[in-house]
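Participant: Quick note: to get this note's numbering, add 5 to the position in the sequence shown (first position is 1). Glycine included, C-beta positions come from ideal geometry on N, C-alpha and C. Only a predicted model underlies this, so the values are computations on that prediction, with no experimental measurement involved. Supplied in structure tokens, the structure appears directly below.
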Amino acid sequence: MSASKAEKPSTKKKTAPAAASDEIIAEAVPAAKAKKATPAKKARTAKTASGAVKADKPAKEKAAATKDDKPAKAKAAPAKKAKAEKAEPAPVKKPRTRKPKAAPAEPAEEAPIVPVAEEAPAAPVAEEIPAAPAVEEAPAEETPAPEPVIDYSTPRRSVAFIGSECYPFVKTGGLGDVMYALPRALVKQNCDVKVILPRYKCIPWEYQEKMVYRGAFDMDLCADGKSYYVGIMEYVWDGVVYDFIDNDEFFSWGKPYTDLVEDIPKFCYFAKAALAALNFLDWTPDIIHCHDWQAALVPVYLRTLFADTKLARARTILTIHNLKFQGIYSIPHIKYWSGLPDYVFNKDALTTNWVDANMFKGGLTYANAITTVSPTYAWEIQTPEYGETLDAHLRYHAGKLRGIVNGIDCETWDPWTDQRLPVNYDITNVLDRKKENKRALQEELGLEQDDGKFVLGLISRLTDQKGLDLLNAIIPQIMDGNTQLVVLGTGDKVYEDSFRYYENAYKGAVCSNIMYDETRAHHIYAGADALLVPSRFEPCGLTQLTAMRYGTVPIVRETGGLKDTVEPYNVYTNTGNGFTFDRYDAGLLLDAVNRAKTLYFTNRWCWDEMVQRDMDKDVSWERSAEQYKYLYLELT
Ligand code: ADP
Ligand code: GLC
6 MSASKAEKPS TKKKTAPAAA SDEIIAEAVP AAKAKKATPA KKARTAKTAS GAVKADKPAK
66 EKAAATKDDK PAKAKAAPAK KAKAEKAEPA PVKKPRTRKP KAAPAEPAEE APIVPVAEEA
126 PAAPVAEEIP AAPAVEEAPA EETPAPEPVI DYSTPRRSVA FIGSECYPFV KTGGLGDVMY
186 ALPRALVKQN CDVKVILPRY KCIPWEYQEK MVYRGAFDMD LCADGKSYYV GIMEYVWDGV
246 VYDFIDNDEF FSWGKPYTDL VEDIPKFCYF AKAALAALNF LDWTPDIIHC HDWQAALVPV
306 YLRTLFADTK LARARTILTI HNLKFQGIYS IPHIKYWSGL PDYVFNKDAL TTNWVDANMF
366 KGGLTYANAI TTVSPTYAWE IQTPEYGETL DAHLRYHAGK LRGIVNGIDC ETWDPWTDQR
426 LPVNYDITNV LDRKKENKRA LQEELGLEQD DGKFVLGLIS RLTDQKGLDL LNAIIPQIMD
486 GNTQLVVLGT GDKVYEDSFR YYENAYKGAV CSNIMYDETR AHHIYAGADA LLVPSRFEPC
546 GLTQLTAMRY GTVPIVRETG GLKDTVEPYN VYTNTGNGFT FDRYDAGLLL DAVNRAKTLY
606 FTNRWCWDEM VQRDMDKDVS WERSAEQYKY LYLELT
């Protein structure tokens, strides 16, 4: 197809019918109205019928709690840095000191996450903690979300985010978190942000039903000009517009990624459809910000098949979240599916190893700027050790490469307002209340209940990236009778099985939760004393940031973003945020764990100070969003 055809596409025919998803939508449509509609029309009718004009903020966000029961000072604690001056917004909802007896285990309005590796098995239900005065909980109030406070000091820029996952619609890891939190932070930096995502079938119905039909057209994709349906479903939430690309042929699977045979055509289609949708909506952003290999063909399409469209005036950024996955397949396969001209299949762009095409490599060549998610990873990927065979290519493009460290969404992750926690806390009372969360976690997981035990957590995809072979090698040495280990994750069978083995070998001291469970992750962040992140490589890492926000001390390997965000504890100056080790070596990990234990058991005062320092650390998106904004301004 020519790019111009993409710009003015026909809306009449749907080549690849989105039958399955339309069936779901059609359920909400009165039979008479849905009767004659094509599947695409049914979707449109459904939205009109339900009167959904603008998507609404999920109830949970509306009921966001604010502080009003600031507890008395931390007990005999070295709370030097306690933020006594913290602002006290108008009270909306009381944070809990204990979960009220009658409270449902899971708030009904909880934003679900789509588990990818495996269905979460029925989790043991946490028993209520007895004998505590239940603090009355205000009902969730339907107050509208406060308008974001926008910093108008820099000129406004419009940005299209293009990526393959985004919390709370679909998430398999940190990319989903970033696609959610960074656009929201950019809105506050005076940006107009549209996020373009695939409309996967697995997106929870509570979001699907709020999507509004914005139009549809046909787009040719392959080298032989095969035509595909592109539908656009829109959802507006907190100042960010989410446009979902609808096509059941590509996105009807239960999970976002399957295997490369499926994924290569899927993300060729997605990259081209995202640009065609922008043209269709007649929205030309200043910046098109693409994420990982799944969106890497966007800059290539823009400078080739879309070069004669209005959209071509946009500047592109490609962010590397993980260089391990590049979208590599045979040249004929990618040439066929992408429909890209022959000349992009050269060794400086898409061609790799002479016979394969590499979608990430092509995107890196054509993007106006490349970013990755920490300065250290930006440096590391230019070395053969971390470059995943693209180190020379990245060295060549080093002039347009920079690292900007990730943050976390401090509203979602706030131990003071976190509705999933048994007990809420902040820096002034963390030392007491974390113990209560620890006991609740031990009870929930069937571990020996003793807040004197040192609880180590691990929340991770269970893959080679995460340094799990190091951890597996030292578990017997860690288990000293005073230490407990809580694992949460899914992934490679070898790791799932070894953690199951250790749970069995150390009953009551090790708990392996081989599942994806957002609520349990919150419980572990709040209830553990320390969180392990011994990664082989880690572009940024979000779990160590969340851990610090929850007063849980990170134990990390000095690589990528872990090195940039965790300052090693210095026993002489009593400074730092966590325990670190450098070489990828099990003995060094053990040493770091032992140093943490020594401080915890022999110098609790200094440990507690570190807990408070961690909670005080700025892990928000604010500074990094500012850096992205400056990059946008630089490019435009
Ligand atoms: P990666 O993106 O490499 O997986 P990150 O540290 O950037 O690693 O992000 C992982 C995200 O996924 C974090 O938000 C973490 O809390 C979450 N997470 C990982 N595994 C699980 C799990 N099994 N259950 C719930 N959340 C998980
Ligand atoms: C990737 C990386 C992780 C990073 C995340 C978000 O999945 O593995 O380190 O935090 O992307 O950028």
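Could you tell me whether the Cβ atoms of residue 328 and residue 386 are closer together than 7 Å?
Facilitator: For this step, residue 328 is matched to residue 323 along the sequence shown. For this step, residue 386 is matched to residue 381 along the sequence shown. Cβ distance < 7 Å, so residue 328 and residue 386 count as in contact.
Participant: Excluding the 5 residues flanking residue 331 on each side, which residues of the same chain have their C-beta closer than 6 Å to its C-beta?
Facilitator: To locate residue 331, count along the sequence shown from 1; it is residue 326. Closer than 6 Å at the Cβ level, and outside the excluded window around residue 331, lie 298, 363, 365.
Participant: Taking only runs of the beta strand (DSSP E) that begin and end inside the segment 264 to 325, which ones reach a length of at least 3 residues, in chain order?
Facilitator: 292 to 296, 320 to 325
Participant: Anyone know if the C-beta pair for residue 549 and residue 567 falls short of 7 Å?
Facilitator: Within the sequence shown, the letter at position 544 stands for residue 549. Within the sequence shown, the letter at position 562 stands for residue 567. Yes, Cβ-Cβ distance for residue 549 and residue 567 is below 7 Å.
Participant: Is residue 131 helix, strand or coil by DSSP?
Facilitator: If you number the sequence shown from 1, residue 131 lands on position 126. Residue placement at residue 131 is flagged as unreliable, the pLDDT there being 37, under the threshold of 50; a coordinate-derived value is accordingly withheld.
Participant: Which residue's Cα is closest to the Cα of residue 533: 521, 546, 543, 552?
Facilitator: As a working note, residue 533 is residue 528 in the sequence shown. Closest by alpha carbon: 552.
Participant: Any chance you could list the alpha helix (DSSP H) runs of at least 4 consecutive residues sitting entirely within the segment 542 to 572, in chain order?
Facilitator: 548 to 554, 565 to 570
Participant: Can you check the segment 321 to 353 for any beta strand (DSSP E) of at least 3 residues that lies completely inside it and give the ranges in chain order?
Facilitator: 333 to 335
Participant: Check each candidate in 472, 507, 464, 392 and name the one with the smallest Cα separation from residue 495.
Facilitator: Locating residue 495 in the sequence shown gives position 490, counting from the first residue. Minimum Cα distance to residue 495 is reached at 464.
Participant: Would DSSP call residue 376 helix, strand or coil?
Facilitator: Position 371 of the sequence shown, counted from the first residue, corresponds to residue 376. DSSP places residue 376 in strand when its eight states are reduced to three.
Participant: Within a Cβ cutoff of 7 Å, which residues of the same chain sit near residue 170, ignoring the five residues on either side of it in sequence?
Facilitator: Walking along the sequence shown from the start, residue 170 turns up at place 165. These residues qualify, in order along the chain: 176, 177, 180, 181, 184, 261.
Participant: Sort 561, 497, 608, 152 by Cα distance to residue 535 and report the nearest one.
Facilitator: By one-based count along the sequence shown, residue 535 stands at place 530. Among 561, 497, 608, 152, the Cα nearest to that of residue 535 is on 561.
Participant: DSSP three-state call for residue 227: helix, strand or coil?
Facilitator: Taking the sequence shown and counting its residues from 1, one reaches residue 227 at position 222. It is coil, neither helix nor strand.
Participant: CB-CB under 7 Å to residue 661, same chain, minus the five flanking residues each way: which ones, in chain order?
Facilitator: Here the chain covers residues 6 to 641 and nothing more, so residue 661 does not appear.
Participant: Can you tell me whether DSSP reads residue 396 as helix, strand or coil?
Facilitator: As a position in the sequence shown, residue 396 is number 391, starting the count at 1. If DSSP states are grouped into helix, strand and coil, residue 396 belongs with the helices.
Participant: For residue 379, which residues of its own chain have a beta-carbon under 6 Å away from its beta-carbon, when the five flanking residues on both sides are left out?
Facilitator: Translated into positions along the sequence shown, residue 379 becomes position 374. The answer, listed in chain order, is 408, 410, 545, 565, 566, 569.
Participant: Within 10 angstroms of its Cβ, does residue 404 collect 16 or more other Cβ (buried), or is it exposed?
Facilitator: As a working note, residue 404 is residue 399 in the sequence shown. Residue 404 is exposed by the Cβ-count criterion.
Participant: From which residue to which residue does the beta strand (DSSP E) around residue 537 run?
Facilitator: For this step, residue 537 is matched to residue 532 along the sequence shown. Run containing residue 537: 535 to 538, per the beta strand (DSSP E) assignment.
Participant: Is residue 448 helix, strand or coil when you go by DSSP?
Facilitator: As a position in the sequence shown, residue 448 is number 443, starting the count at 1. Helix, per DSSP.
Participant: So is residue 100 buried or exposed if we call it buried at 16+ other beta carbons inside 10 Å?
Facilitator: For the purposes of this step, residue 100 is identified with residue 95 of the sequence shown, where counting begins at 1. Bear in mind that the predicted position of residue 100 carries a pLDDT of just 49, short of 50, making it unreliable; the figure below should be weighed with that in mind. Residue 100 comes out buried.
Participant: Taking CB distances under 7 Å as the criterion, tell me whether residue 304 reaches chain B.
Facilitator: Among the chains in the structure shown there is no chain B, since it carries only a single protein chain.
Participant: Assuming residue 237 and residue 307 are in contact, meaning their beta carbons sit under 8 Å apart, how far apart are those beta carbons, in whole angstroms?
Facilitator: On the sequence shown, residue 237 is found 232 positions in, with the first residue counted as 1. On the sequence shown, residue 307 is found 302 positions in, with the first residue counted as 1. Residue 237 to residue 307, Cβ: 18 Å. No contact.
Participant: Within this structure, are the beta carbons of residue 201 and residue 268 separated by less than 7 Å?
Facilitator: Taking the first residue of the sequence shown as 1, we reach residue 201 at position 196. Taking the first residue of the sequence shown as 1, we reach residue 268 at position 263. The answer is no: Cβ separation not under 7 Å.
Participant: Across the segment 150 to 167 and the segment 199 to 213, are there enough close Cβ pairs to call them in contact, namely three or more that are closer than 8 Å?
Facilitator: yes
Participant: What I want to know is whether the C-beta of residue 182 ends up closer than 6 Å to one or more non-hydrogen atoms of the ligand ADP.
Facilitator: Within the sequence shown, the letter at position 177 stands for residue 182. Answer for residue 182: yes, Cβ within range of the ligand ADP.
Participant: Please work out which residues of its chain come closer than 7 Å, Cβ to Cβ, to residue 579, disregarding the five sequence neighbours upstream and downstream, and give them in chain order.
Facilitator: As a first step, residue 579 is located in the sequence shown; it is residue number 574 there, counting from the start. These residues qualify, in order along the chain: 611, 614.
Participant: Please classify residue 453 as buried or exposed, where buried requires at least 16 neighbouring CB atoms within 10 angstroms.
Facilitator: Translated into positions along the sequence shown, residue 453 becomes position 448. Residue 453 should be labelled exposed.
Participant: Beta-carbon separation of residue 528 and residue 446 under 7 Å?
Facilitator: Taking the sequence shown and counting its residues from 1, one reaches residue 528 at position 523. Taking the sequence shown and counting its residues from 1, one reaches residue 446 at position 441. Taking C-beta atoms as the reference points, residue 528 and residue 446 count as a pair closer than 7 Å.
Participant: Among the residues of its own chain, which have a CB less than 8 Å from the CB of residue 628, if the five just before and after it don't count?
Facilitator: Taking the sequence shown and counting its residues from 1, the one referred to as residue 628 is at position 623. If we look at residue 628 and ignore the five residues flanking it on each side, its Cβ neighbours are 412.
Participant: On the DSSP letters alone, give me the boundaries of the alpha helix (DSSP H) that residue 207 sits inside.
Facilitator: For the purposes of this step, residue 207 is taken as residue 202 along the sequence shown, with counting starting at 1. Element bounds for residue 207: n/a, residue is neither H nor E.
Participant: Is residue 521 a contact residue of the ligand ADP, with contact defined as CB to any heavy atom under 6 Å?
Facilitator: Walking along the sequence shown from the start, residue 521 turns up at place 516. Result yes, Cβ under 6 Å from the ligand ADP.
Participant: Figure out for me which residue from 320, 419, 356 has the closest Cα to the Cα of residue 638.
Facilitator: Reading the sequence shown from its first residue, position 633 is the one you call residue 638. The alpha carbon of residue 638 has as its nearest neighbour, out of 320, 419, 356, the alpha carbon of 320.
Participant: Should the segment 491 to 510 be regarded as contacting the segment 413 to 431, the criterion being three or more beta carbon pairs within less than 8 Å?
Facilitator: no
Participant: Over what stretch of residues does the alpha helix (DSSP H) that includes residue 183 continue unbroken?
Facilitator: Here the question's residue 183 lines up with position 178 in the sequence shown. Boundaries of the alpha helix (DSSP H) around residue 183: 179 to 193.
Participant: Would you say residue 651 and residue 255 are within 7 Å of each other, going by their C-beta atoms?
Facilitator: Here the chain has residues from 6 to 641 only, and residue 651 is not among them.
Participant: Within 10 angstroms of the Cβ of residue 337, are there 16 or more other Cβ atoms? Answer buried if so, exposed if not.
Facilitator: Position 332 of the sequence shown holds residue 337. Around the beta carbon of residue 337, fewer than 16 other beta carbons sit within 10 angstroms, so the residue counts as exposed.
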